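Okay, structure first, notes after.
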Amino acid sequence: MVREWDSRTASSAEIASLLDTLNAVLAADLPQDPPWREDSLREYLSEVMPGERRLSWAAQAGSPAEGELGVMLGHVHVLLLGDIGVLEVLVHPTARRTGLGRDLVRLAARRVYQEGFRSIGVEVVGDTPAVEFYEALGFSREYVETRSVLDLSAVDWAALTEMATGVDAGYRVEFCPGGPPDDLIDAYARAKAAVRDVDDGELRPSSYDPQRLRDSLDTLHRRGMKPYIVLAIHDDTGEVAGLTEVVVPAQHPTRADQYDTIVAQQHRGHGIDRAIKARMLLELRSAEPELTEVQTWNAQANESMLKVNAELGYRPDREWCEYSVDVAELVHQLDAPR
Ligand SMILES: CC(C)(COP(=O)(O)OP(=O)(O)OC[C@H]1O[C@@H](n2cnc3c(N)ncnc32)[C@H](O)[C@@H]1OP(=O)(O)O)[C@@H](O)C(=O)NCCC(=O)NCCS
Numbered sequence: 019m020v021r022e023w024d025s026r027t028a029s030s031a032e033i034a035s036l037l038d039t040l041n042a043v044l045a046a047d048l049p050q051d052p053p054w055r056e057d058s059l060r061e062y063l064s065e066v067m068p069g070e071r072r073l074s075w076a077a078q079a080g081s082p083a084e085g086e087l088g089v090m091l092g093h094v095h096v097l098l099l100g101d102i103g104v105l106e107v108l109v110h111p112t113a114r115r116t117g118l119g120r121d122l123v124r125l126a127a128r129r130v131y132q133e134g135f136r137s138i139g140v141e142v143v144g145d146t147p148a149v150e151f152y153e154a155l156g157f158s159r160e161y162v163e164t165r166s167v168l169d170l171s172a173v174d175w176a177a178l179t180e181m182a183t184g185v186d187a188g189y190r191v192e193f194c195p196g197g198p199p200d201d202l203i204d205a206y207a208r209a210k211a212a213v214r215d216v217d218d219g220e221l222r223p224s225s226y227d228p229q230r231l232r233d234s235l236d237t238l239h240r241r242g243m244k245p246y247i248v249l250a251i252h253d254d255t256g257e258v259a260g261l262t263e264v265v266v267p268a269q270h271p272t273r274a275d276q277y278d279t280i281v282a283q284q285h286r287g288h289g290i291d292r293a294i295k296a297r298m299l300l301e302l303r304s305a306e307p308e309l310t311e312v313q314t315w316n317a318q319a320n321e322s323m324l325k326v327n328a329e330l331g332y333r334p335d336r337e338w339c340e341y342s343v344d345v346a347e348l349v350h351q352l353d354a355p356r
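Counting from 19, one number per residue, gives the positions in the sequence shown under my numbering.
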């Protein structure tokens with residue numbers, strides 16, 4: 019049975035079943051990725067930024083007439099933000115190729131259309147069935163990044179310690195667990211805003227005004243995702259010359275996610291990128307003893323960042339693509355007789 023589903027009010031058994039399905043999907047499609055845990059999973063699924071909404075549908079075995087609904091065979095959610103809907107679909111490996119994925123997307127797409135949104139975007143992991151699925155549904159590829167993974171057991175910690183101190187005079191490097199200190203929020207947001215229009219092939223950071231930045235940090239915490247930040251501060255001006263952000267999610271605390279790394283244009287060439295990333299890894303080693311890996315996503319065109327990541331020990335893992343589709347066209351296609 020497929021029905022609209024709300025993670026905030028779902029039973030604990032349903033949340034646990036969704037976790038089992040997610041882990042079955044990971045084992046089938048991304049066997050090197052760590053399985054997820056139930057810690058803060060409900061919050062991860064429920065909490066959103068102010069002004070955003072997440073709508074979900076669940077496909078469960080059985081029917082209400084038979085009593086308790088059973089195993090979560092599939093799940094779709096769509097996050098409505100700005101003028102687009104961002105979609106995520108999961109179908110249990112044992113229930114694939116029966117049309118369930120298509121049915122779930124149809125439900126979400128119809129609603130997104132009714133709500134007046136024009137476009138749907140989705141992240142598609144390269145070399146998994148999702149690529150052919152979304153292409154069959156008419157989505158087109160907008161953007162490709164490379165995901166790289168750093169195995170902390172293979173890191174040369176002595177070399178890293180040297181890199182961490184390799185920043186030129188005139189800058190100080192600070193570790194900020196939990197987020198930037200309040201008195202640096204404005205400078206932090208300015209550093210993000212400054213690179214917003216620079217076209218080096220990376221997706222631009224979105225939280226570039228102070229209030230949005232505060233909301234975004236708050237949302238991360240509520241979702242059980244702990245942010246760590248290392249800043250390079252320019253001594254003369256107090257400006258944030260560089261920043262790097264890593265998030266450790268309660269749902270998979272052995273593998274952290276590297277978010278933005280930014281060095282402001284006028285502060286490039288002083289060893290900041292290398293030093294702040296190295297310092298971050300050194301700090302994480304003691305702050306997060308469970309951590310064994312860090313993953314990061316980079317545009318293939320961003321050669322300087324890829325070079326520093328390779329020096330740190332990151333190894334390219336697979337392509338990570340963004341696809342999108344016009345909602346009206348998607349609804350039309352999915353409603354057409356097959
Ligand atoms: C992508 C996914 C949702 C597809 O679900 P599904 O229920 O198997 O899809 P459907 O049966 O509705 O397939 C619809 C169409 O997509 C295409 N398709 C789906 N899987 C395909 C595959 N493995 N190979 C080729 N085409 C495929 C086909 O055209 C199919 O139509 P057909 O069966 O009539 O030929 C499912 O594989 C999945 O959950 N993948 C994981 C997604 C994810 O989020 N991954 C990230 C974390 S690992």
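Glycine is no exception: its CB is placed at the ideal position from the N, C-alpha and C atoms.
Remember, it's a predicted structure, so these values are computed and weren't measured experimentally.
In or out: residue i buried (at least 16 other Cβ within 10 Å) or exposed?
i: Q269; result: buried
i: R115; result: exposed
i: Q50; result: exposed
i: D335; result: buried
i: Q283; result: exposed
i: T314; result: buried
i: L221; result: Here L221 scores only 47 on pLDDT, less than 50, and its place in the model should not be relied on; the value that follows carries that caveat. Classification for L221: exposed.
Along the chain, where does the alpha helix (DSSP H) that runs through residue i open and close?
i: E70; result: Premise fails: E70 is in no alpha helix (DSSP H) and is neither H nor E.
i: L125; result: 118 to 132
i: T262; result: Element bounds for T262: not the alpha helix (DSSP H) but the beta strand (DSSP E), 258 to 267.
i: A207; result: 203 to 212
i: P147; result: 147 to 154
i: L352; result: 345 to 353
i: V326; result: 321 to 330
When DSSP labels each residue in this structure, what does residue i get in the three-state scheme?
i: H288; result: coil
i: D253; result: coil
i: V185; result: coil
i: T314; result: strand
i: H95; result: strand
i: R114; result: coil
i: A28; result: coil
i: Y226; result: coil
i: E306; result: coil
i: V173; result: coil
i: R21; result: strand
i: S58; result: coil
i: A79; result: coil
i: Q276; result: strand
i: L178; result: helix
i: R232; result: helix
Closest to residue i by C-alpha separation, out of the options, would be which residue?
i: D254; options: F193, M298, H285, L40; result: H285
i: D227; options: L238, S81, A207; result: A207
i: G184; options: A250, V173, L36; result: A250
i: V104; options: R303, E70, S29; result: E70
i: L302; options: V326, G188, D275, L36; result: D275
i: A322; options: E311, I290, E337; result: Contrary to the premise, residue 322 reads as Ser rather than Ala in this sequence. Per the Cα distances, I290.
i: E160; options: V343, T262, D145, E263; result: V343
i: F193; options: I247, D174, S158, A172; result: I247
Kindly indicate if chain B contains any beta-carbon less than 8 angstroms away from that of residue i.
i: R241; result: Going by chain labels, chain B is absent from the structure shown, which holds only one protein chain.
Could you give the first and the last residue of the continuous beta strand (DSSP E) run that contains residue i?
i: G103; result: 102 to 109
task = Check whether the stretch 346 to 356 touches the stretch 143 to 153, taking contact to mean three or more Cβ pairs, one atom from each stretch, closer than 8 angstroms.
result = no
inquiry  = For the pair the stretch 25 to 34 and the stretch 194 to 213, tell me if three or more CB-CB distances fall below 8 angstroms.
reply    = no
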